[in-house]
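First to last, the sequence lines map onto chains Z and L. With the working numbering as the guide, the letters of the first sequence map in order to residues 1 to 390. With the working numbering as the guide, the letters of the second sequence map in order to residues 1001 to 1390. Cβ atoms here follow ideal geometry from the backbone N, Cα and C, with glycine treated the same way.
Number of protein chains: 2
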Amino acid sequence: MLSILPPRSTSAERARSHNRRLVLGHVHATGEIGRAELSRACGLTIQAVSNIIAELEQEGLIRETGRRSTGRGLPATLYGINPGGACALGVEVRPDALLAALLDLNGGAIFTTRRALNDAHPTAVTQELRALREELKSAHPDVVSRLLGAGVVMPGPFGATGLSGTASDLPGWQETDARQVFAEALGVPIDLDNDANAAAMAERVKGVAQGLNDYAYLYFGTGVGLGLVSGGRRVAGAFGNAGEIGHLRVQTPDGSRALEELASRLSLQHRLAGRGHGTINFDRLSALDAAGDAILEEWIATAASALGQAVHVIENLFDPETVILGGALPERIVDRLISRVPLPDGSVSNRPDRVRARLLRGDCGRLTATLGAAALILDRAFSPQLGALD
Amino acid sequence: MLSILPPRSTSAERARSHNRRLVLGHVHATGEIGRAELSRACGLTIQAVSNIIAELEQEGLIRETGRRSTGRGLPATLYGINPGGACALGVEVRPDALLAALLDLNGGAIFTTRRALNDAHPTAVTQELRALREELKSAHPDVVSRLLGAGVVMPGPFGATGLSGTASDLPGWQETDARQVFAEALGVPIDLDNDANAAAMAERVKGVAQGLNDYAYLYFGTGVGLGLVSGGRRVAGAFGNAGEIGHLRVQTPDGSRALEELASRLSLQHRLAGRGHGTINFDRLSALDAAGDAILEEWIATAASALGQAVHVIENLFDPETVILGGALPERIVDRLISRVPLPDGSVSNRPDRVRARLLRGDCGRLTATLGAAALILDRAFSPQLGALD
DNA sequence: TTGATCACTCAAGCGTGTTGAGTTAACCAC
DNA sequence: GTGGTTAACTCAACACGCTTGAGTGATCAA
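Right, dumping it as structure tokens:
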């Protein structure tokens, strides 16, 4: 009911689909809300809201959560999201692994898994996805019927571009229609995006960006990516490759470098290379941080300075309500980065009436991108779409 | 009928409003189109399209333009925009003048005017606007009833920001609700944006961006601004200040400078200052260009290099279909700039399957921003809006 | 107890789009 | 020419979901 409409539905049914999302989105955003308030917020009649609520409750997407008496009058019956009423699958494809998470309607994780990949070619990934689907079916049989769709996160850029051929992109996907591959392997509607945009959506559905419609997310993966949300919608670009901020030139004392040479996990790894460390993963970073490692300190200082310049560009080009930092970095390190990023005065974001900090730490932890993949789907369920068809 | 809906219209009426825009937008985009084709393009039944067409024709927004027989079958009755059926007013407020243009439904200029401003404070501007309205009423009495609204362009940034207090912004507007002021002075619905976004819309409605949904516009006013269109919608930012690209740092042989110090009309003016020129306006620029002025040549070289870096940033952050250059520069100079801008290889826009050049010259000439102001309104009439109310 | 306020329900009516069965006009084969 | 095919378009019923207006139940204040 919620996920798919027949190819040509009557206009009234499309309006209903729109209004359902509107109502569900408000219920999600407020946590608990009554019909009358929804009516005012959505610009619909109480009666219309009533009908929609009855439908949503019947389908198990929302549930009665209590009553609230505000002064006189009949106390409102409050409704909230029924977390178990539906779920969304998030899949993150990395060169070496497939990460997956199943999220309930509130964005809570029901199940997460990680499958090692020897090979990230489409055929190998397809095989793992099929296995994943079977695993889900047997581990959570009740869930499959309530699955709204699957979000997929892959390292960009998509298609052949001037940034192709770098270490980060996956082999064999250039010529492949990725959406098609995933749709066939998983058998549910697919939403495809890059890690940074997915992370941005994760924060919107569950984290620090709730209620925000214009913000940016600086995502630390292997490199650095930028997720953009404008007017509540992801900015994907003409070919889905928006947000490639890693190649932004930033000033250093001795010239200029690409942002990702200074402020990515890879860059830290290079700095530490001489010290005989292997791959610098999340846990290793935490350990270095706890030990007060000097090279890490140095990296933070350099990265913060570089990020300050990136934030300057982001703020002046997009005028976001806030810039969120997060991804595959321990919270403490992100916090320290944020505290050391020099915020330029000459920015449209430097306004006296700000209600939110210019930089915020993402709330969704190291799995942000995977959770965000699922959040792409949840966001759909909560936001009216523009197009007539879905 | 087209502009305003009653505060709470029935859902069916909102759907109609949406579908009307959809149909009208397609008619505008194709120039000439029959019902059946519209039906396929809009995802509506022929019958629905028929009803809408009857309504639009009745109101004079479209008109029959002929018949087309494509092979067998009954030849389609073609419809096109009826230019005189409605119009939009564009107003550009500059520190020293008020520019206005009245555009027909096809984006053709019916009337343009320029009023000198001694004073750009809100009260003075309001006075001029009232006079402008009277002038319109008497010069084009039939038009007032068909006025869809007025678009207004002002130099940003709006509100108090870290970029306030520069030479370009207007006095006395910081604390003013500009939209309110214009709505009262002109008595029609107002759409407010900065010059670059308006320019971008001008190109979408009439110029080189027709049919594009994701592109950027580098606008040369006094400084340099960036207009962004994503998914067919303007990217305004949280406070309407997106696109402030002038402060972007770019490399020079001897360090780094702000883009607008190298690639704006103001920067050229500074270069020429020693030569005893006054203000460098459009005509003066043309003359210098025709004379093959050496300083102009030098400026073009410097500006092109700076713009190359800006384009690099825009392409990688935004992945546009194309970047349009234009504004208050003679076409020849823009063309020469374009031919000399170094296009970086390391860009997501550097793709082998491009159908359009990475850089295009804007088509709307020196009045781009003023025309664009009116285009903001036309674009509304052609694009379905997301919000329920208008 | 009475009146006011507010959330919500019930039943009728309306605007739109869809469906399915015609109608008209072009092309093609003979 | 004639008949068949194709495609654009019209006409008349129908379905859907929202709105409207009247009515009910629960709470507070006088």
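Please give the ranges of any beta strand (DSSP E) in the region 110-189 of chain Z, keeping only runs that are unbroken, at least 3 residues long and fully inside the region. 147-153
Close Cβ partners of F182 of chain Z (< 8 angstroms) along its chain, the five nearest in sequence each way excluded: As a first step, residue 182 of chain Z must be located in the first sequence, where it is residue number 182. The residues are V91, L129, A150, V152, I190, L192.
Local conformation of I338 of chain Z per DSSP, three classes: Locating residue 338 of chain Z in the first sequence gives position 338, where the first residue counts as 1. Helix at I338 of chain Z.
So with Cβ pairs under 9 angstroms, would you call P344 of chain Z a contact of chain L? Translated into the one-based positions of the first sequence, residue 344 of chain Z becomes position 344. Yes - at least one Cβ of chain L is within 9 angstroms of the one on P344 of chain Z.
Name the residues in the region 35-51 of chain Z whose C-beta lies less than 9 angstroms from a C-beta of chain L; which are they? C42, G43, L44, T45, A48
Contact belief for R1361 of chain L with G1326 of chain L at Cβ below 8 angstroms, rounded distance in angstroms: Numbered from its first residue, the second sequence carries residue 1361 of chain L at position 361. Numbered from its first residue, the second sequence carries residue 1326 of chain L at position 326. Sure, about 6 angstroms apart at Cβ, within 8 angstroms.
Buried or exposed by the 16-neighbour rule on C-beta atoms within 10 Å, applied to S1138 of chain L: Within the second sequence, residue 1138 of chain L is the residue found at index 138, counting from 1. Under this definition S1138 of chain L is an exposed residue.
Mind checking which residues open and close the beta strand (DSSP E) that includes V208 of chain Z? Indexing the first sequence from 1 puts residue 208 of chain Z at position 208. Neither: V208 of chain Z is in no beta strand (DSSP E) and is coded neither H nor E.
With 9 angstroms set as the bound, which would you pick, yes or no: does the beta-carbon of H140 of chain Z sit closer than that to a beta-carbon of chain L? As a first step, residue 140 of chain Z must be located in the first sequence, where it is residue number 140. No, because no Cβ of chain L sits closer than 9 angstroms to the Cβ of H140 of chain Z.
Out of curiosity, what's the CA-to-CA distance linking R1008 of chain L and G66 of chain Z? Counting from 1 along the second sequence, the entry for residue 1008 of chain L is found at position 8. Counting from 1 along the first sequence, the entry for residue 66 of chain Z is found at position 66. Residue confidence is low: R1008 of chain L scores 49 on pLDDT, short of 50, so the model does not pin down where it sits. No coordinate-derived value is stated.
Quick check for students: name the residue ranges of the beta strand (DSSP E) that lie wholly in the region 287-368 of chain Z, counting only runs of 3 or more. 323-327, 359-361
For S50 of chain Z, the first and last residue of its enclosing alpha helix (DSSP H): Position 50 of the first sequence, counted from the first residue, corresponds to residue 50 of chain Z. Residues 46-58.
Does DSSP put A1238 of chain L in a helix, in a strand, or in coil? Here residue 1238 of chain L is taken as the residue at index 238 of the second sequence, counted from 1. If DSSP states are grouped into helix, strand and coil, A1238 of chain L belongs with coil.
Whose CA, out of L:G1237, L:A1290, L:S1349, lies closest to the CA of V348 of chain Z? Taking the first residue of the first sequence as position 1, residue 348 of chain Z is located at position 348. Nearest C-alpha to V348 of chain Z: L:G1237.
9 angstroms Cβ cutoff, V235 of chain Z in contact with chain L: The residue labelled residue 235 of chain Z in the question sits at position 235 within the first sequence. Interface residue, yes.
S267 of chain Z - DSSP class collapsed to helix/strand/coil: Mapped onto the first sequence, residue 267 of chain Z falls at position 267. Looking at S267 of chain Z - three-state DSSP - the assignment turns out to be helix.
Can you check DSSP and say which residues form a bridge with T77 of chain Z? Taking the first residue of the first sequence as 1, we reach residue 77 of chain Z at position 77. DSSP lists Z:R67 as partners of T77 of chain Z.
Is the region 1085-1102 of chain L touching the region 1032-1044 of chain L, taking contact as three or more C-beta pairs under 8 angstroms? no
With H, G and I counted as helix, E and B as strand and the rest as coil, what does DSSP make of G1107 of chain L? As a first step, residue 1107 of chain L must be located in the second sequence, where it is residue number 107. Residue state, collapsed to three classes: coil.
If you drop the 5 nearest sequence neighbours on each side, which residues of the same chain put their C-beta closer than 6 angstroms to that of E261 of chain Z? Walking along the first sequence from the start, residue 261 of chain Z turns up at place 261. Once the five neighbours on either side are set aside, the close Cβ partners of E261 of chain Z are S267.
Any beta carbon of chain Z sitting closer than 9 angstroms to that of I1081 of chain L? Counting from 1 along the second sequence, the entry for residue 1081 of chain L is found at position 81. Not one chain Z Cβ lies under 9 angstroms of I1081 of chain L.
Can you check whether the C-beta of A1263 of chain L is within less than 9 angstroms of a C-beta belonging to chain Z? Position 263 of the second sequence, counted from the first residue, corresponds to residue 1263 of chain L. Answer no: the Cβ-Cβ gap between A1263 of chain L and chain Z never drops below 9 angstroms.
Whole-angstrom distance between Y79 of chain Z and R1234 of chain L, CA atom to CA atom: Numbered from 1 along the second sequence, position 234 holds the residue referred to as residue 1234 of chain L. Numbered from 1 along the first sequence, position 79 holds the residue referred to as residue 79 of chain Z. If you take the alpha carbons of R1234 of chain L and Y79 of chain Z, they lie about 35 angstroms apart.
In the DSSP assignment, the beta strand (DSSP E) including L259 of chain Z goes from what residue to what residue? Counting from one through the first sequence, the residue named residue 259 of chain Z turns up at place 259. No beta strand (DSSP E) holds L259 of chain Z; the alpha helix (DSSP H) holding it covers 259-262.
Pull the bridge partners of V93 of chain Z from the DSSP assignment, please. As a first step, residue 93 of chain Z must be located in the first sequence, where it is residue number 93. Its beta-bridge partners are Z:L98.
Close beta carbons around V1334 of chain L, own chain, < 7 angstroms, minus the five adjacent residues each side: For the purposes of this step, residue 1334 of chain L is taken as residue 334 along the second sequence, with counting starting at 1. Hits under 7 angstroms: L1325, G1326, R1361.
Measure how close the beta-carbons of G246 of chain Z and G223 of chain Z come, nearest whole angstrom, since I'm counting them as under 8 angstroms. As a working mapping, residue 246 of chain Z is identified with position 246 in the first sequence. As a working mapping, residue 223 of chain Z is identified with position 223 in the first sequence. At roughly 4 angstroms, the Cβ-Cβ gap stays under 8 angstroms, so G246 of chain Z and G223 of chain Z are in contact.
Below-9 angstroms beta-carbon distance, P253 of chain Z vs any chain L residue: For this step, residue 253 of chain Z is matched to residue 253 along the first sequence. It does not; no Cβ of chain L falls within 9 angstroms.
Kindly indicate which three-state DSSP category D379 of chain Z falls into: helix, strand or coil? The residue you call residue 379 of chain Z lines up with position 379 of the first sequence. Correct three-state label for D379 of chain Z: helix.
With C-beta atoms as the reference, is G1227 of chain L less than 9 angstroms away from A1216 of chain L? Here residue 1227 of chain L refers to the residue found at position 227 when the second sequence is read from its first residue. Here residue 1216 of chain L refers to the residue found at position 216 when the second sequence is read from its first residue. In contact: G1227 of chain L and A1216 of chain L (Cβ atoms closer than 9 angstroms).
R1072 of chain L, enclosing alpha helix (DSSP H) - first and last residue: By one-based count along the second sequence, residue 1072 of chain L stands at place 72. Per DSSP, R1072 of chain L belongs to no alpha helix (DSSP H) and is neither H nor E.
Mind checking the region 84-99 of chain Z against chain L and listing, in chain order, the residues whose C-beta falls within less than 8 angstroms of any C-beta there? none
Run the CB neighbour count on D1283 of chain L, radius 10 Å, all protein chains shown included, and call it buried at 16 or more, exposed below. The sequence position of residue 1283 of chain L within the second sequence is 283, counting from 1. Exposed, since its Cβ has fewer than 16 Cβ neighbours within 10 Å.
Taking P1342 of chain L as the reference, which of L:V1355, L:R1354, L:E1331, L:L1359 has the closest Cα? Sequence index remark: in the second sequence, residue 1342 of chain L carries index 342 (1-based). Ranking L:V1355, L:R1354, L:E1331, L:L1359 by Cα distance to P1342 of chain L puts L:L1359 first.
Identify the contact partners of R351 of chain Z in chain L, using a Cβ-Cβ distance below 8 angstroms as the criterion. Working through the first sequence from its first residue, we reach residue 351 of chain Z at position 351. Result: G1159, A1160, T1161, G1162, F1239.
So, does the CB of A167 of chain Z fall closer than 9 angstroms to a CB anywhere in chain L? Indexing the first sequence from 1 puts residue 167 of chain Z at position 167. Because A167 of chain Z sits at a pLDDT of 47, beneath the cut-off of 50, its placement in the model cannot be relied upon, and the point is left open.
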